[in-house]
Amino acid sequence: MTTVKDIAERLAAERKKQSLSQKDMRMLIGMSQQQYQRVESGQDLKVSTLLRILAGLGLELSITDPKQIENHQPVESSSSTDDFWANKHKHLKDG
1 MTTVKDIAER
11 LAAERKKQSL
21 SQKDMRMLIG
31 MSQQQYQRVE
41 SGQDLKVSTL
51 LRILAGLGLE
61 LSITDPKQIE
71 NHQPVESSSS
81 TDDFWANKHK
91 HLKDG
């Protein structure tokens, strides 16, 4: 099972991936510096706070049965699928 510390690390990583500073993130979601620092250090994470942060990052919470994760195959991105079909049918021409 994922710990609060694991979630906090994922949130910080996603924030950095989106090139947001802690200050940017705090301003975006309306949270004090102390509150946000506690979240990213894994000390304080209420569900309502998590949902606020996820919304600020453009992410959603997903609850998954661990049994489903074991058998999960990554979904191809739409661009990969588009490339596949484009290459498969490149010999066809409009006309």
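Numbering follows this note's numbering, with no gaps: position 1 of the sequence shown is 1.
Ideal Cβ positions, reconstructed from N, Cα and C, are used throughout, including at glycine.
Note that the coordinates shown come from a computational prediction; the quantities given were computed from them, not determined experimentally.
Going by C-alpha distance, which of G58, A8, K17 is nearest I29?
G58
CA nearest to the CA of L61, picked from Q68, K67, R52, M25:
R52
Output needed for D36: all residues of its chain with C-beta closer than 7 Å, excluding positions within five of it in sequence on either side, in chain order.
Looking at the sequence itself, residue 36 is Tyr, so the reference to Asp does not match. If we look at Y36 and ignore the five residues flanking it on each side, its Cβ neighbours are Q22, M25, R26.
Are the CB atoms of E40 and A13 within a distance shorter than 8 Å?
no
Classify R10 as buried or exposed, calling it buried when 16 or more other Cβ atoms lie within 10 Å of its own Cβ.
exposed
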